[in-house]
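Beneath this line is the structure, given in C-alpha cells, with notes to follow.
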Amino acid sequence: MRKYDTTFIIDGSLPTDRREAIIAQYENSLTRHGAEIEQTVRWGLRQLAYEIKKQTHGYYVIIYYSADPSILTSFHREFDLNENIFRYMTMLWDGKHPHYVRDEGAPDSTRTSVSTDTAGRPDKTDEETLVEKEPDEAPAAGEEQDEAHAVEESPEEDKTTGEDAAGGDDAGEEASDESDETPEAR
Amino acid sequence: MMLNRKKVKICKFCENKDNDFNYKNEKKLRSFINERGKIIPRRMTGTCAKHQRKLTTAIKRARYMAILPFTSEMMR
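Protein chains in written order, with this note's numbering: chain A, 578 to 763; chain E, 705 to 780.
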C-alpha cells in the first residue's frame, strides 16, 4: 500500500448534484479497488488558467488515499471514460496536507458564482510576489479559502489597467526582477 | 547582462530549507513565472540549480492542471 493523492478537475458548469455524484463515484471506485481513502478535499470551483473544452471554470477535487499500485491503471481508466473530467493527476503523496489547499466542504455550499481567482491572472508585478508570502497565509485559516478563490484584492484593483497585452514587456520586466522595487505600472 | 554582479542572491528554497514543490501551490509558483507565463531564469531569481529543476517540473505540472497558464495570451 502506498500513499497517493489524485487531483481531478470536473467540468465547472455541472450542477452541484452531478458533481457530487461524480465524486462519490470515484470514491466508491477506490474503495472497491481496496484503497483506503484518507480524505477527500473539495478544492472548489476555480478559474482555469486556460480554456478547456470551451469552459473557463473547473471544480477541483483531491483525494488522499492509500492503495496498492496495481489498482491505478484501472482507476485511471475511469477518469478517461468520463467526458466530464477535464484533467486528472496522481502523485505519490508524502502524507502531508498542504495549507494552500483548503477544503471547501460539503455540497451545501452553492458556489455557482464565479469568484475571482488567482488563476487566469497572467500579469503579476514581480517584486510583490518575490516577497515571501507564505507567512501571511498560515494564520489566516478561515480566510484562506477566500484567498485562494478571491485574488488578493488590492493588487488586483491596481491591475485593471491593461497589463494583459504584455507585448514587449520582457525587457522592462527583467529590470524589475532585480528587486529594485521599482513598480512597473501599478 | 551580468545581473549576478550587482547583488548576490540566495536561493529562497535553500535559505528556508523549503522542499515543498507541490504543483498545487499556485501562489508560490506564480512568483517564478513572468507576465507572459514563462518560467523566469534562475539567474534572475537566484534559485539554485537543484531547486530550479524541481520548480520547473512543478510549474509544468501546474500548467497541465490549468493552475498556471502556458502563456498569457490564453485567457484574452
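Don't be surprised by glycine CBs; every beta carbon is placed ideally from N, CA and C.
None of these values were measured; they are calculated from a predicted model.
Whole-Å CB distance - residue i paired with residue j, under 8 Å assumed
| i | j | result |
| --- | --- | --- |
| THR761 of chain E | ILE743 of chain E | 11 Å between Cβ atoms; not a contact. |
| TYR627 of chain A | ILE586 of chain A | In fact, because the Cβ distance is near 12 Å, the residues do not count as touching under 8 Å. |
| LYS728 of chain E | PRO675 of chain A | 6 Å |
Distance, residue j Cα to residue i Cα
| i | j | result |
| --- | --- | --- |
| ARG654 of chain A | VAL712 of chain E | 49 Å |
| THR633 of chain A | GLY672 of chain A | 31 Å |
| PHE656 of chain A | ILE662 of chain A | 6 Å |
| TYR603 of chain A | VAL678 of chain A | 20 Å |
| GLU660 of chain A | ARG757 of chain E | 33 Å |
| PHE736 of chain E | GLY589 of chain A | 27 Å |
| ARG765 of chain E | LEU649 of chain A | 19 Å |
| ARG551 of chain A | LEU625 of chain A | Any question about residue 551 of chain A goes unanswered here, given that chain A covers just 578 to 763. |
| SER606 of chain A | ILE714 of chain E | 46 Å |
| THR583 of chain A | LEU669 of chain A | 9 Å |
| ARG734 of chain E | SER776 of chain E | 12 Å |
| PHE652 of chain A | LEU658 of chain A | 10 Å |
| LYS754 of chain E | CYS718 of chain E | 10 Å |
| TYR581 of chain A | THR667 of chain A | 7 Å |
| LEU591 of chain A | LYS731 of chain E | 27 Å |
| GLY750 of chain E | ASP722 of chain E | 15 Å |
| ALA683 of chain A | GLU739 of chain E | 36 Å |
| ILE629 of chain A | ARG767 of chain E | 12 Å |
| GLU751 of chain A | ASP724 of chain E | The predicted position of GLU751 of chain A is uncertain, since its pLDDT is 42 and thus under 50; a value taken from the coordinates is nonetheless stated next. GLU751 of chain A and ASP724 of chain E: Cα-Cα distance of roughly 26 Å. |
| MET769 of chain E | ASN726 of chain E | 12 Å |
| ILE600 of chain A | CYS752 of chain E | 40 Å |
| ASP526 of chain A | ALA598 of chain A | Absent from the structure is residue 526 of chain A, since the part of chain A shown begins at 578 and ends at 763. |
Status (buried if at least 16 other CB within 10 Å, exposed otherwise) for residue i
| i | result |
| --- | --- |
| ASP594 of chain A | exposed |
| ILE771 of chain E | buried |
| ASN720 of chain E | exposed |
| MET578 of chain A | exposed |
| LYS631 of chain A | exposed |
| GLY611 of chain A | exposed |
| PRO773 of chain E | buried |
| LEU622 of chain A | buried |
| LYS716 of chain E | buried |
| ARG609 of chain A | exposed |
| GLU613 of chain A | exposed |
Near the ligand NAP: residue i beta-carbon under 8 Å from a heavy atom
| i | result |
| --- | --- |
| GLU730 of chain E | No copy of the ligand NAP appears in this structure; indeed no ligand is present at all. |
**Item:** Stretch-stretch touch, CB-based, cutoff 8 Å, three pairs: the region 755–774 of chain E with the region 612–620 of chain A
**Value:** No, the region 755–774 of chain E does not touch the region 612–620 of chain A.
**Message:** Measuring CB atoms only, is the region 730–748 of chain E touching the region 641–652 of chain A, in the sense that at least three cross pairs come out at less than 8 Å?
**Reply:** The count of Cβ pairs closer than 8 Å, one atom from the region 730–748 of chain E and one from the region 641–652 of chain A, stays below three, leaving the stretches out of contact.
**Request:** Note down, in chain order, all residues in the region 670–681 of chain A with a beta-carbon under 7 Å from any beta-carbon belonging to chain E.
**Result:** Look at the region 670–681 of chain A: the residues with a C-beta under 7 Å from a C-beta of chain E are PRO675, TYR677, VAL678.
**Request:** Could you name the residues of the region 710–733 of chain E whose beta carbon sits closer than 9 Å to any beta carbon of chain A, in the order they occur along the chain?
**Result:** Cβ contacts with chain A come from LYS710, LYS711, LYS713, LYS716, ASN720, ASP722, ASP724, ASN726, TYR727, LYS728, ASN729, GLU730, LYS731, LYS732.
**Request:** Could you run through the region 753–765 of chain E and flag, in chain order, every residue whose CB is less than 9 Å away from some CB of chain A?
**Result:** Those would be ARG765, in chain order.
**Asked** Can you list, in chain order, the residues of the region 609–638 of chain A whose Cβ is nearer than 9 Å to any Cβ on chain C?
**Response** Among the protein chains of the structure shown, namely A and E, there is no chain C.
**Members of the region 652–670 of chain A near chain E, C-beta cut-off 7 Å** = Answer in chain order: ARG664, MET666.
**Request:** With 8 Å as the limit, tell me which residues of the region 579–599 of chain A have their beta carbon closer than that to any beta carbon of chain E; keep them in chain order.
**Result:** Cβ contacts with chain E come from THR584, ILE586.
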